[in-house]
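Just below is one structure, and these are the notes that go with it.
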Amino acid sequence: MVKHGLTKIQKRQVALSIFMEVSVSFESFQRFLSIVTDSGFSQEDLVSNLIGFYIGVGDITQEKAIELCHPVSKQVALSVWDKEGAVGKNKNNNWRPKYANSTVHINSNQCADECLVSGTTFPDVFTKIKPVRKGFLYVNA
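Reminder that position 8 of the sequence shown reads as 8 in full-length UniProt numbering, one-by-one numbering, no gaps.
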């Protein structure tokens, strides 16, 4: 149950808190099914959920989120996959990304690191809303 009369900021904090709790519960359940799937807490799971939350509440557009997150080319993504394995094999229990050890892509013409300019910093826009602890602004029903 959510307390009545919350400010807009508090409502967003409660929404994020509940969203995070449900996301972690879902990933934990998927991890429990590890004999069938390796999806629980995959490298991108919680981070992509968080980005989706911010898009859903209207803090950022999908286009802007993609721009800020600076996706790499398909060639680099495949290179990372080959070097580090599938995202399901690389677990992440955090709400911040685990960046690849190397985003260098080598082909016959050049050696390039697509993340050299943008770096490996998670955009601050995805930390604007601070989750709150269950107990005062909301409780289990």
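For every residue, glycine included, the Cβ atom is placed at its ideal position computed from N, Cα and C. Keep in mind it's a predicted model, so treat the numbers as computed, not measured.
If you compare alpha carbons, which of C69, F41 and L137 is closest to V22?
Looking at the Cα atoms, F41 is the closest of the given residues.
Nearest to G88 by alpha carbon, out of Q10, K11, L33 and V14?
Of the listed residues, the one whose Cα sits closest to G88 is L33.
What is the DSSP secondary structure of S39, reduced to helix, strand or coil?
DSSP places S39 in coil when its eight states are reduced to three.
On the CB-based measure, 16 or more other CB atoms within 10 Å of its CB, does P97 come out buried or exposed?
A residue is called buried when at least 16 other Cβ atoms come within 10 angstroms of its Cβ; P97 meets this threshold and is buried.
Are W81 and L46 close, meaning C-beta to C-beta below 9 Å?
No, Cβ-Cβ distance for W81 and L46 is not below 9 Å.
Between Q30 and the rest of its own chain, which residues show a CB-CB distance below 8 Å, the 5 nearest in sequence each way excluded?
For Q30, where only same-chain residues beyond five positions count, the Cβ hits under 8 Å are T37, S39, G40 and F41.
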